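Colleague: The structure is given below, and queries will be raised subsequently.
Numbering (my numbering), first residue to last: 83 to 195.
Take a look at the structure:
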């Protein structure tokens, strides 16, 4: 059987190689984790930006709803108010056709005696 010599330099090389592999794998795992965290941060930032836009839109709606312009528009549209000197018009659609009422003896026409 061949005998393997255990010289201190080979042992130190093996230990150094193991330590190097450990540090390399730790560095790769850290890089992967950083990439995932950056993706999560970017998604969160996009969500925050979207929510800021939505907040600005809703704030503008609230400000408009409290303005005199909106109150006047709502009074005209929903309540039919008019300004002094204006003439109100009411549009009337075409009359609905009357329904044909069937006589109560319709079944006798289907089943003669």
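Beta carbons are placed, not taken as given, at the ideal position from N, Cα and C, and that holds for glycine.
The model shown is predicted, which means the values in this text are computed figures rather than measured ones.
What span of residues does the alpha helix (DSSP H) with residue 30 cover, start to end?
Modeller: As shown, the chain starts at 83 and ends at 195. That puts residue 30 outside it, with no answer to give.
Colleague: Among 95, 153, 179 and 158, which one has its Cα closest to the Cα of residue 169?
Modeller: Position 87 of the chain shown, counted from the start, is the residue given in the question as residue 169. Measuring from the Cα of residue 169, the nearest candidate turns out to be 158.
Colleague: I need the straight-line Cα distance from residue 192 to residue 181, nearest angstrom please.
Modeller: Taking the chain shown and counting its residues from 1, the one referred to as residue 192 is at position 110. Taking the chain shown and counting its residues from 1, the one referred to as residue 181 is at position 99. Near 21 Å, if we compare the C-alpha coordinates of residue 181 and residue 192.
Colleague: Helix or strand or just coil, what does DSSP make of residue 107?
Modeller: Mapped onto the chain shown, residue 107 falls at position 25. Annotated three-state conformation of residue 107 is helix, per DSSP.
Colleague: At the level of alpha carbons, what is the spacing between residue 172 and residue 163?
Modeller: On the chain shown, position 90 is the one that residue 172 refers to. On the chain shown, position 81 is the one that residue 163 refers to. If I take the Cα positions, the gap works out to 12 Å.
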